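Below, the structure is given as structure tokens:
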């Protein structure tokens with residue numbers, strides 16, 4: 517890409533990923549030694565401090581760099597006031613899919629979701645409460661029945677780690693149909709294991725989080741397999757071109 521390190525983040529991330537896979541290296545090097553020290557202090561104070569704490573002096577050392585999961589453009593589909601199609605349920609921030617970013621968020625635009633959509637959502641909630649307010653009702657106590665606190669909680673830690681590794685290896689920066697199928701097979705096994713654990717054990721936050729993570733992961737893999745093209749953040753070697761066929765889109769204008 518002629519834009520080199522000024523290219524969009526997904527293109528830079530794919531280039532780094534390709535270089536690491538080709539060379540077997542654990543990282544690539546970022547060289548900012550040509551930038552004056554005063555500029556580094558002024559523009560990147562947090563990065564400078566963090567690197568210094570790791571023993572890296574930006575004015576004379578190169579920085580080891582790897583791609584990382586940074587932002588999710590998908591999520592709970594909402595209107596531009598954080599409303600979903602389920603009455604009373606609102607979503608904002610990175611959990612929401614407003615459609616404003618399309619298939620690939622531009623750099624430094626995350627405040628659109630974190631601040632603008634959050635404010636619009638708060639206004640919508642207050643307006644709806646003013647029209648349909650009901651006295652809150654107390655929830656009944658949770659009935660545990662014959663459920664027990666599991667003494668095999670290692671399964672939660674192990675399966676969470678395995679899920680993260682599966683997604684990173686097969687569903688991350690560069691995808692293929694074969695990698696996605698491998699991910700789907702493994703996620704189905706994890707789903708069965710956690711559902712069995714869920715019905716036998718008392719519910720807690722870590723268990724519910726993992727069950728939700730597995731469900732979201734399965735949906736991501738299913739959607740990625742159905743999309744036989746590359747578009748935005750979804751890039752697959754088996755279908756590297758963007759399809760010109762009109763597809764259903766969540767894109768919105770603000």
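Numbering (the working numbering), first residue to last: 517 to 770. Virtual Cβ for every residue (Gly too), placed ideally from N, Cα, C. Everything numeric in this text was worked out from a predicted model, so none of it was measured.
Requested in this report: Identify which residue in 613, 717 and 640 has its Cα closest to the Cα of residue 603.
Outcome: Looking at the Cα atoms, 640 is the closest of the given residues.
Query raised in the report: Does the Cβ of residue 633 have 16 or more other Cβ atoms within 10 Å, making it buried, or fewer, making it exposed?
Result: buried
**Report entry** residue 583 burial status per 10 Å Cβ neighbour count (16 or more: buried)
**Finding:** buried
Requested in this report: Write down every uninterrupted run of the alpha helix (DSSP H) in the region 632-702 whose length is 4 residues or greater and which is fully enclosed by it, in chain order.
Outcome: 634-648 and 670-686
Requested in this report: Provide the residue span of the alpha helix (DSSP H) that contains residue 544, from first to last.
Outcome: Careful: residue 544 lies outside any alpha helix (DSSP H), inside the beta strand (DSSP E) at 544-546.
Query - For residue 580, the first and last residue of its enclosing beta strand (DSSP E) - result: 579-581
Query raised in the report: From which residue to which residue does the alpha helix (DSSP H) around residue 521 run?
Result: Counting along the chain, residue 521 falls outside any alpha helix (DSSP H), and DSSP gives it neither H nor E.
Report task. Along the alpha helix (DSSP H) that carries residue 755, what are the first and last residues, could you check? Result -> Neither: residue 755 is in no alpha helix (DSSP H) and is coded neither H nor E.
Query raised in the report: Given a threshold of 16 other Cβ atoms within 10 Å of its Cβ, counted over all protein chains shown, does residue 750 qualify as buried or as exposed?
Result: buried
Query raised in the report: Where do the ends of the alpha helix (DSSP H) carrying residue 563 lie?
Result: Element bounds for residue 563: 561-569.
Query raised in the report: Leaving out five residues before and five after residue 592 in sequence, what residues of the same chain have Cβ atoms less than 7 Å from its Cβ?
Result: 600, 607, 611, 612 and 613
Query raised in the report: Roughly how many angstroms lie between the CA atoms of residue 740 and residue 538, to the nearest whole one?
Result: About 24 Å.
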